[in-house]
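S.K.:
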Amino acid sequence: MVEDAVPGGGINPGGGINPGSANPYTDISLMDVNGTLYFSANDGVNGFELWRINGSGVAELVEDAVAGGGINPGGEGSRPGDLTNVNGTLYFSANDGTNGDELWRVPDTIAPSTTSFLRQTPNTSPTSADTLVFRVTFNEDVTGVAAADFAASGTTATLSIAVVSASVYDVTLTGGNLAGLNGTVGLNFAASPTISDLAGNALSNTEPTTDDTFVVDNTFDIVMNSVTANGRATLTVQYQILGLPLTSPLSLRFLQSTDGLADSADTVLSNVTISNAADWTIGTHTVNFTIGSQVLLPGAGKPEVATDYFILAVADPTNAVAEADSDPLNEDNTVAFVGAYATSTTIYLHGGSLADTVTLTYPSSTAGNVTLGLAGSITAAHTYAYSSTAQFCLRTHGGNDTVNIVNTSNLTARPMREFGGDGDDVLNGAGGVDTLNGGAGDDTLRGGLGNDLLDGGTGTGTNTLVESGNVSFTLTNTSLAGVGTDTLANLQVANLTGGTSTNTFTVSGWTRAGSFVGGGGTGDTIVASKNVNFTLSNASLQSSDGLNLSLSGFTKATLTGGAGNNSFTVGDWTGTGILTGGTGIDTLAATRNANLTLTTTSLTTTGFGALTLSGLEVAQLTGGAGDNTFNASAFTGNVTLIGSGGDDVLIGGGGADLLSGGDDNDLLTGGAGADILQGDGGSDKLVETGKTTALTLTLSDSALTGLGGDVLSGVESAQLTGSTVADTLNAQGFTLGSVTLLGLGGKDVLIGGSRDDSLDGGDLDDVLTGNGGVDTLNGGGGLLDTLVEGGATQFVLSIGTLTGLGTDTIMAIEQARLTTAATASSIDARQFTGRTTLTGGAGNDTLLGGSAADSILGGAGDDVLSGGGGNDSILGGAGNDIILGGAGDDSLGGSSKLATGDTALDGNDTIFGGTGTDSSTGKDRLFGGLGNDILDGGDDNDTLTGDGGIDSLFGGAGTDSLSAAPDFLFPDGSFTDAAFFTNLSTLLAAFP
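Going from the sequence shown to this note's numbering is simple: count from 1 and add 7.
(1) Would you mind working out which of Ser85, Arg112, Thr105 sits nearest phenylalanine 91, comparing C-alpha positions?
(2) Tell me whether glycine 290 sits in a helix, a strand or coil according to DSSP, three-state version.
(3) On the criterion of 16 or more Cβ atoms from any shown chain inside 10 Å, does threonine 442 qualify as buried, or is it exposed?
(4) Could you work out which residue in Gly789, Ile289, Ile585 is closest to threonine 607 when comparing CA atoms only?
(5) State the CB to CB distance for the pair aspartate 531 and asparagine 510, rounded to an integer number of angstroms; the pair is presumed to be in contact (CB under 8 Å).
(6) Tell me where the beta strand (DSSP E) around arginine 59 begins and ends.
(7) Using a Cβ-Cβ cut-off of 8 Å (strictly less than) and excluding sequence neighbours within five positions of serine 621, which residues of its own chain qualify?
(8) Give every residue of the same chain whose Cβ lies closer than 6 Å to the Cβ of threonine 636, excluding the five residues on either side of it in the sequence, and list them in chain order.
(9) For leucine 706, decide whether its Cβ has a neighbour in chain D, counting only Cβ atoms nearer than 8 Å.
(10) So serine 550 packs on valine 539, CB below 8 Å; how close in whole Å?
(11) Along the beta strand (DSSP E) that carries serine 970, what are the first and last residues, could you check?
(12) Using C-beta distances below 6 Å, list every residue in its chain close to leucine 628, excluding the 5 sequence neighbours before and after it, in chain order.
(13) Find out if the Cβ-Cβ distance for the pair asparagine 484, arginine 519 is shorter than 8 Å.
(14) Tell me which residues share the same chain as glycine 789 and place their Cβ nearer than 7 Å to its Cβ, disregarding the 5 neighbours each side in the sequence.
(15) Which word fits alanine 320, buried or exposed, when buried means at least 16 other C-beta atoms lie within 10 angstroms of its C-beta?
(16) State the DSSP-derived secondary structure class of serine 903, mapped to helix, strand or coil.
(17) With a threshold of 6 Å on Cβ separation, who are the neighbours of glycine 182 within its own chain once the five nearest residues in sequence on each side are excluded?
(18) Which of the three DSSP states, helix, strand or coil, is assigned to alanine 374?
(19) When you compare each of Val871, Ser862, Gly866 to aspartate 896 by their alpha carbons, which one comes out closest?
(20) Is the separation between the beta-carbon of aspartate 879 and that of glycine 892 shorter than 8 Å?
(21) Is it the case that the stretch 346-357 contacts the stretch 373-382, given that we only count it when at least three CB pairs across the two stretches are under 8 Å?
(22) Taking only three categories from DSSP, how would you classify tyrosine 32?
(23) For the beta strand (DSSP E) holding tyrosine 391, just list the boundary residues, first then last.
(24) What would DSSP say about alanine 186, mapped onto helix, strand or coil?
(25) When you compare the stretch 295-314 with the stretch 269-285, are there three or more beta-carbon pairs, one atom per stretch, that lie closer than 8 Å?
(26) Take glutamine 245 as the anchor and find which of Thr217, Leu268, Phe296, Pro256 has the nearest alpha-carbon.
(27) With a threshold of 8 Å, are at least 3 pairs of Cβ atoms found where one atom belongs to the stretch 171-181 and the other to the stretch 224-237?
(28) I'd like the list of long-range same chain contacts for glycine 476, defined as Cβ closer than 7 Å, with 5 residues on each side in sequence excluded.
(29) Should serine 559 be counted as a contact of the ligand SAM given a C-beta to heavy atom distance under 7 Å?
(30) Threonine 386: which of Asn237, Gly187, Gly668, Leu543 sits nearest, CA to CA?
(31) Where glycine 76 and threonine 217 are concerned, what is the direct C-alpha to C-alpha distance, given to the nearest angstrom?
(32) Could you tell me which uninterrupted beta strand (DSSP E) segments, each at least 3 residues in length, are contained entirely in the stretch 792-835, listed from first to last along the chain?
(33) How do the stretch 360-373 and the stretch 388-408 stand: do at least 3 beta-carbon pairs fall below 8 Å, yes or no?
(34) Going by DSSP in three states, asparagine 1038 sits in which element: helix, strand or coil?
(35) Can you give me the Cβ contacts of aspartate 449 inside the same chain, cut-off strictly under 8 Å, excluding the 5 residues immediately before and after it?
(36) Taking the continuous beta strand (DSSP E) assigned at glutamine 301, which residues delimit it?
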């Protein structure tokens, strides 16, 4: 339905003009009035009224557009019918509801216009005709058309009018200057045309969209169409003569041009004259010449040059003919040769401005013919005897050209000389000694077998060398050795492909881009030796001098640096290789999510091929997201190890190293040298191990000395292992976490930190100090391992534990040296079976020895000292001390000195020798000191020395020796115990 196709939904939207109702009114006349369609319709509001499709394609109510409301609005409307067009005025019958059915009209108010000015006679341009006819077409019938309504441009010719129809007229131009005119003639309306349509609407004098003109040429003109050849010695020239026929012979000149433009810089090859008058007439002419006799061309009468050039044919080069366009450089009379010609030994081919494809096909045997095909600017195919053809010279010129060589029989290829010219060309050699020059554009050159000269050409294009073969290649910026030995120039990219054997690609002298494919060999190798920085991966090799190669199918690499400081970044290279640093300070760099081992001579990685190293002084290795182990312990240079993600193990070498654990929980070993160890995120651990020389390792929160002086950060725990000889491992200054100290062989000193530590002395006699925390202390395999602790106010030592600074577990400890704090403290070693050395401080201390031979020093203060079992040595020191020797042969003293007379002895001490079994001396020695002392020898033969003060000496059983100072009051002759008896059970009860 028209109204559905009209914007806005139609006259009565919803399914037609008046959908769904009975329609007794059947006059649905349609009438075209000057391109406007009139019809009757019911929009469901106004009844049946007159409608039209306006210039915008929209249906509109005619009376709405005139007066509004329709002729008889409402009800059934005016019911217009009998629509009739009379000279652009619409007449129809209608009922306005008052006068009944009457005659109505819609006047034409639209101005006429022209649709076209067309060339009628002649219908071609340019022309030399002296009568020109334009056909003028109006969009409706018009009247009043006269010659004065038009004006001609570009000529003084006279205009006349011929009626073709009421809407079509021919305007003829004759006379004036047309006979000798050279120019363009057009038709226009006059300033005030008198043309109108049948309704009297004046013409709109706007020029039509289609507005033809005539190019009038009344002098000679020569247009060169083409110059071709038959592939051998016949040259064919095709040209046109326009305007007027020639009246004298036509001259042609053949030029050798470097730029394709005929000018004074060109070399003249030949001048020929077309003398046959039949070739002077208006129209297209074809003339043949013999190459080498009538027309001399390069290689055929003229010398061939080893550069690119055009062969141009110029008509009337001396302007002997007065042409419409007499410039000899104009394209009308100059054309380039396209095609092939031959001499006795050489085939010459010139392409055109289009994209040409040249195909040279060799025969199946030496008795056959070589076929040379050209497709593009022209289509031609020529054959030549293989046996008599020496070489080919191809110049493809403009366009994106391709030269293909087909030689499936591998016959001896003829030398090729190929010049691509402008455009992106693909040039292939034939396998002989070839010369290929790409010219301007992005060109691709393949020399093939033979020693070729391959030149990408001048200009800003990117030129590509392509070669393949089951050979090893050596590529430089100026040469390629492999399938031949080629000389290179102006090539920016090299794409090389190997074969099924093991091939080597050497690029030491190549500083540009390329793509290398190893082929099917199992050990294809990329080789480069240059003073640069290398970046190698499975997919590429790059160097800082501009080398940028994509790689495929290579499993080996041999890279050698120079005298400078070179770097070798091997990335994800999974093949094997040899990396040689040269004489500078050279660096190996790799990022691998794998375990690797670095030595001075090799890099081995899980899942990667082994790399042989030489002359590399620095290494930078980075892990991935997994748990990686990097072991550079056998690398003598400086190494940087970065763990990145995962729980990594990083082991430095002998130089000044940087270890960074990254995220997660890492183990760091700096090794020898002044290292920087960074735990970074996670809970990280320092691990260090000695070798065969004695070590003194001192660990703090920020440093480790003894292996070169390491700087620490972010390290939360440590494990230090000594050498096979006597070491000192001191972690007393480490507070960030637990420490594990392993002495191994030798007589070691192990000192823990403030946290929960593990100390193992290893072989021989070691000294272990846990310090704070809950420690595990293992003396190891020595015969006399010593536990040393101090600073607690209450030590309790047993066979398996020590409490005081923490609750320590002790194993294989044969003796202990414990020192109290400065304040009143106690040490209880009664459950310890080994020897102890117990030292009190300035306070009132209680020191209780165990079952072995103990050494107890009370120090200042009023101390209680008990030796327990064993042959003990007990010194009370300053203060009023109580000393109990216990079982065994003891040496008991009230002061800090045993030797009588060394120092002044002070304090009021009570000393009990105990019972015990005598040693080889079989007796106790008791020294009272300067105070008022009580000395009890007990059983056996004892020596009691009161020294200064008022002392009480009890010898006890046995033969005792009592010694007194000069002021001692000794009863004359009485040596019985009863004389000095006291209630000893009460005194002894004070000692637990």
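A virtual CB, placed ideally from N, CA and C, is assigned to each residue, including glycine.
Computed from a predicted model, the values in this text were never measured in an experiment.
M.R.: Taking the structure as given:
(1) Sequence inspection shows threonine at residue 91; the phenylalanine mentioned does not correspond to that position. Of the listed residues, the one whose Cα sits closest to threonine 91 is Arg112.
(2) strand
(3) buried
(4) Ile585
(5) 5 Å
(6) 55-60
(7) Ile585, Leu586, Thr587, Gly588, Thr608
(8) Asn602, Val656
(9) The structure shown contains no chain D; it is built from a single protein chain.
(10) 4 Å
(11) 968-970
(12) Ala597, Phe637, Leu648
(13) yes
(14) Gly768, Asp770, Leu771, Asp772, Asp773
(15) buried
(16) With a pLDDT of 44 at serine 903, under the threshold of 50, the predicted position of this residue should be treated as unreliable, though the coordinate-derived value follows. Serine 903 falls in the coil class under three-state DSSP.
(17) Ala164, Thr165
(18) coil
(19) Ser862
(20) yes
(21) yes
(22) Because tyrosine 32 carries a pLDDT of 42, less than 50, the predicted location of this residue cannot be relied on, and the following value inherits that uncertainty. In the structure shown, tyrosine 32 sits in coil (DSSP, three-state: anything other than H, G, I, E or B).
(23) 387-392
(24) helix
(25) yes
(26) Phe296
(27) no
(28) Gly489, Val490, Gly506
(29) The ligand SAM is not among the ligands present in this structure, which contains no ligands whatsoever.
(30) Asn237
(31) Confidence in glycine 76 is poor, its pLDDT being 48 and thus under 50, which makes the residue's placement unreliable; the coordinate value appears in the next sentence. Looking at the two C-alpha atoms, the distance is approximately 41 Å.
(32) 793-799, 801-805, 808-810, 814-818, 822-827
(33) yes
(34) Here the chain has residues from 8 to 999 only, and residue 1038 is not among them.
(35) Asp431, Gly468, Thr469, Asn470, Thr471
(36) Segment: none, glutamine 301 is in no beta strand (DSSP E) and carries neither H nor E.
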